[in-house]
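First to last, the protein sequences are chains A and B.
Once you know that position 200 of the first sequence is 303 in the numbering used here, the rest is easy, because the numbers rise by one and skip nothing.
Once you know that position 195 of the second sequence is 298 in the numbering used here, the rest is easy, because the numbers rise by one and skip nothing.
Here's the structure, in C-alpha cells; my notes come after.
Number of protein chains: 2
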Amino acid sequence: MVVETQLARFDSIALDCGATLAPVEVAYETYGELNHDRSNAILIVHAFSGDAHAAGVSKETGKPGWWDDMIGPGKGFDTGKYFLICSNVLGGCRGTTGPASIDPAAGRPYAMSFPVITIGDMVRLQNRLVEHLGISRLLSVAGGSMGGMQALEWSVSYPEKVASVVVIGSTARHTAMQIAFNEVGRQAIMADPDWNGGDYHGGRGPARGLAVARMVGHITYMSDESMRQKFGRRLREKDVLGFDFSVDFEVESYLRYRGSQFVDRFDANSYLYITKAEDYFDLTGGFPSLAASLERSRARFLVISFTSDWLYPSYQSLEIVNALRSLVRDVAYCALPSEYGHDAFLVEVGEQSEIVRGFLASAVRAAARPAGAPGATSRAALQERRG
Amino acid sequence: MVVETQLARFDSIALDCGATLAPVEVAYETYGELNHDRSNAILIVHAFSGDAHAAGVSKETGKPGWWDDMIGPGKGFDTGKYFLICSNVLGGCRGTTGPASIDPAAGRPYAMSFPVITIGDMVRLQNRLVEHLGISRLLSVAGGSMGGMQALEWSVSYPEKVASVVVIGSTARHTAMQIAFNEVGRQAIMADPDWNGGDYHGGRGPARGLAVARMVGHITYMSDESMRQKFGRRLREKDVLGFDFSVDFEVESYLRYRGSQFVDRFDANSYLYITKAEDYFDLTGGFPSLAASLERSRARFLVISFTSDWLYPSYQSLEIVNALRSLVRDVAYCALPSEYGHDAFLVEVGEQSEIVRGFLASAVRAAARPAGAPGATSRAALQERRG
C-alpha cells in the first residue's frame, strides 16, 4: 500500500497560551475507505517523534509507516473495515506547522517565537482536520505514549465526537521523572552553541545536542532486560577493550547511531516544544480529581500498558482505569507482559492487535445500538448508580 | 571531628592498559585510631563522584564528608573502634592523580593523554596506600556503587589482605543499560565544543556538557517514587505554567542547579575516565563464571541492595550473593526497603548502620579465631563440602 502525505490548511487556530497561529497547515495520511454513513473513521495519534506516516509505504521515501505492523488489511486496525487518519502534530517538523515553519509576519522560521503549545492545542487542530474531512464523529482515537495523551484529551475536549479511545503506554499527567528526562533532552539541545537561541536555520543546527537528547530518550524507551538481550556487554569491533574513548561496546555504537540518525529527520526546536507540551499535560488540570475530569468523556476506553515499561509504568495506566471505574464507565485494561520497555507499543504487535481488533468490533456494535440501550452509560444512569 | 586531607606519593604504578604512571599522588583521610596490632583498619571506597573526604568536617572547606552519617563515633563504621581510611580514586580530580594532573613529561595537564584506567588500577593504588600506612591486612573494604566494585575487586586481587567486604548497591559487572547511561554522559561532555578534545585547561571547560551529564546521572540516582515525593508536578516560582522555556517545574530547577553545581567541583575528563573504568569493570573477566572468579577471595561478604534502586537493581547484588553461596562462602545479603533509589546507600543510614555494625563485629570475632576454626571456610573444607 503506497501512501502519500496530504496537506490541509486552516486560516488560524487559537491556542491555550492565548496566542493565535495563522495560518496552520496539517500533514496527514489516510488508509482504508470512509463508509457511506461516515461512521468508521479512526484517528491515529502519534508519539513524540512520530509523524503522519503511520502505515503503508511512503510514496516519497519508500519507507514503511511507524505503526505499519498495527495498521493494514486484517491487522489490529483493519484498513479493510476502517478509515484511518493520522496527522503530524502541531509543533512538529514533518509537514505540520511548527517552529521550523515560516512565520508569514516575519518571513523566516518561527524558531523560538513559535508559541508554546499544549496537547490540547494538538487535539484542537486534529479536530479541525477531522471536520475538514467531513467526519462528525470518530469511531476511535488511538495512540501510544504521547498519542495516548492526545486520545485522553480528545475524550474530554470533544466527548460528543469520540465513541471510543485507545490509550497505550501512556499517562494522564507527566510525573517528575518524566519531566526530568524531557528537561535533560531540552538542556542538551540548548547547551549546544549551534542551537543559537533557536535561530540555527541556514546554519548547521544543534546536531550534537539533539543527538545526546535522543540517546537519553532511547535508553528510556528500552528496558534493562531488552538492552541486556540486544547488546549485553558485547564489544563492537574489537575482541578486547580498546583502552581509549572510541566505541568499545555495541550499546555505545547503537546509541551514537540512533542519535546521529535522528538529527537528519527531526528539528531541534520541535523537540523543545513537543516535550514541553508533554510536560504541561495534566488531564486533571482545573478539576478536583482525574475522575472529575474524565466525567466529561462519553467514550468507551481501552487502556494498555506493558510490564517492562518503566518510562510510562503500568500504575499510570491504572490511575486512568481506576478513575473511569469509579465513574462506572466502560473500560478494558490490559497489562501486557513484555521485555521491550516503552518501545513495546511499537513492537509487541501480536497480543496488542488482537485486543485492539476486539475492542474496535465492540465499539462498532455499541455505536449501532440506540443511545441509552444497555452498554451505553448515560449521564442519568451514571448519576443513579452513584446515588 | 575536623579532618585534613593528606597526600601520599609513589614513584610509579603499573596499569592494566600496559602503561606506567609516574609519579602518582593519592589524597586520603583517616578517622579513628589504628590499634596496636594494626588489625582494625577499614578501607572506605567511594562512588563515582566521591572523594577522600568521607567523614568529619573538612578543615579546608568546613563541609561534612559524603558518608558522615555512616562514619563516626558510635556510627555504622564506628571510629571509636575502627581505623578508617578513605582515598580519592585514581583518575579522580580531588587530590589523587588524574587527567587534570600535570604530566611531568609534558609540563601540562595529562588531559586525554592520561591512560585509560580500570577499577583494578584504582584498587592497585589503594593497596599501595594501605602498605604505605603500614597495614598488612584490612578488617574490611566497604563501599557503595562504584565503591562496591572496588570492594569486590579487592576481594579477588588481594584475597590475603581482606578479611571482609561490604558491597552496597553495586554490581559485579556493568550492564548494557549502565554503560548506556555513562555513554550519554560522556557524549554530552565530548559534544561540548569547550571540551576541545580534553584540552580545556586554562579555558572555560565543557561546563554545559558536564552539567547535562550530571543531570542525567541525578535522575538515575533517584527513583520515580522519590522524585514524586520530592517534586511531583510542583511549579517553581509561578502559580501557573509560564508558556516559555524558563523554569516551570521544581524538578527542572533542581536538575539545573545540581548540574551547574557539579561543574564547580568536578573535572570533565575525570568524568570520562571514571565512567569508562566502571563500564570496563567485569569481575568475571577471564574466568568462566562469576563464581570461578570469586573463588579467589577469602573474605566474608556483606551485600546490601535497595528495593527502589533501578540503576543497580537488587538482582545484580543477588548474582554476587548466589555466586558466593555456590562456593559455600560466608555471605550475608540484605535487600533493604527504600524509596530513595540508588541514592539510598547515602541517605538510608538507619538500618544500613545496624547491619554494618553487626557485620563488622562478626568480622572482628572471625579474625580473632585461629585459621581453620569453625566459621572460616578453608579451601579444604569447601572442597569437602562440594564433594
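Beta carbons: idealized from backbone N, C-alpha and C, even for Gly.
Among the bridge pairs identified by DSSP, B/F409 is matched with B/L439. Look at the region 287–320 of chain B: the residues with a C-beta under 8 Å from a C-beta of chain A are V287, R289, Q290, A291, M293, A294, D295, P296, R311, G312, A314, V315, M318 and V319.
The Cβ-Cβ distance between A/Q290 and B/V366 does not fall below 8 Å. For A/Y418, the number of other beta carbons within 10 angstroms of its own is below 16, and it is reported as exposed.
In the structure shown, A/A130 adopts extended strand secondary structure according to DSSP, grouped into three states.
In summary, B/I188 is buried, with 16 or more beta-carbon neighbours lying within 10 Å of its beta-carbon over all protein chains present.
Per the coordinates, the alpha-carbon of A/L242 lies some 26 Å from the alpha-carbon of A/G194. A/F348 sits away from A/L338, with the two beta carbons spaced by 8 Å or more.
Buried is the label assigned to A/P212, since at least 16 other Cβ atoms lie within 10 Å of its Cβ. Across the region 213–237 of chain B, CB contacts with chain A closer than 8 Å involve M215, P218 and V219, in sequence order along the chain. If only uninterrupted alpha helix (DSSP H) runs of at least 4 residues are considered, those enclosed by the region 321–395 of chain A are 327–333, 353–366 and 371–383. DSSP places B/D446 within a helical segment (H, G or I) once states are collapsed to three.
Excluding sequence positions up to five before and after A/H304, its CB lies within less than 6 Å of the CB of P212, all in the same chain and listed in chain order. With a threshold of 16 other beta carbon atoms within 10 Å, B/K264 meets it and is buried. Rounded to the nearest whole angstrom, the CA to CA distance from A/D181 to A/I174 is 6 Å.
In the DSSP annotation of this structure, the continuous segment of the beta strand (DSSP E) that includes B/V270 starts and ends at S267 to I271. A Cβ of chain A is located within less than 8 Å of the beta carbon of B/F284. Our two residues, A/A310 and A/F369, have alpha carbons roughly 10 Å apart in a direct line. Under the three-state reduction of DSSP output, B/R112 falls in the strand class. Within chain B, no C-beta atom comes nearer than 8 Å to that of A/L242; the closest sits roughly 33 Å away. Just so you know, the alpha carbons of A/M293 and B/N372 end up roughly 22 Å apart. Runs of the alpha helix (DSSP H) lying entirely within the region 215–253 of chain A and spanning at least 4 residues, in chain order: 222–235. Take A/E398, set aside five residues on each side of it, and the residues of its chain with a beta-carbon closer than 7 Å to its own are L430, in chain order.
Within chain B, the residues T278, A279 and M280 have their CB atoms less than 9 Å from the CB of A/R331, given in chain order. In chain order, A279 make up the part of chain A whose C-beta sits under 7 Å from the C-beta of B/G335. B/I377 counts as buried, since at least 16 other C-beta atoms from the protein chains shown sit within 10 angstroms of its C-beta. When Cβ-Cβ separations below 8 Å define contact, A/I116 makes no contact with chain B. Among the residues facing chain A, B/L397 is not included, as its CB has no counterpart in that chain under 8 Å away. In terms of beta-carbon proximity, B/V354 lines the interface with chain A, with at least one pair separated by less than 8 Å. Residues of chain A whose Cβ lies closer than 7 Å to the Cβ of B/F346 are, in chain order, C120 and V219. Comparing alpha carbon positions, the residue from A/T123, A/F409, A/A122 and A/G210 closest to A/S273 is A/F409.
Of the residues B/A438, B/V226 and B/V129, the one whose Cα lies closest to the Cα of B/R197 is B/V129. No residue range can be given for B/L414, since it is assigned to no alpha helix (DSSP H) and is classified by DSSP as neither H nor E. If you check the CB distance, A/Y134 and A/G159 come in under 8 Å. The beta carbon of A/W413 falls within 8 Å of a beta carbon belonging to chain B, placing the residue at that interface. Taking 8 Å as the Cβ-Cβ cut-off, the region 373–387 of chain A approaches chain B at L375, K379, D382, Y383 and D385, given in chain order.
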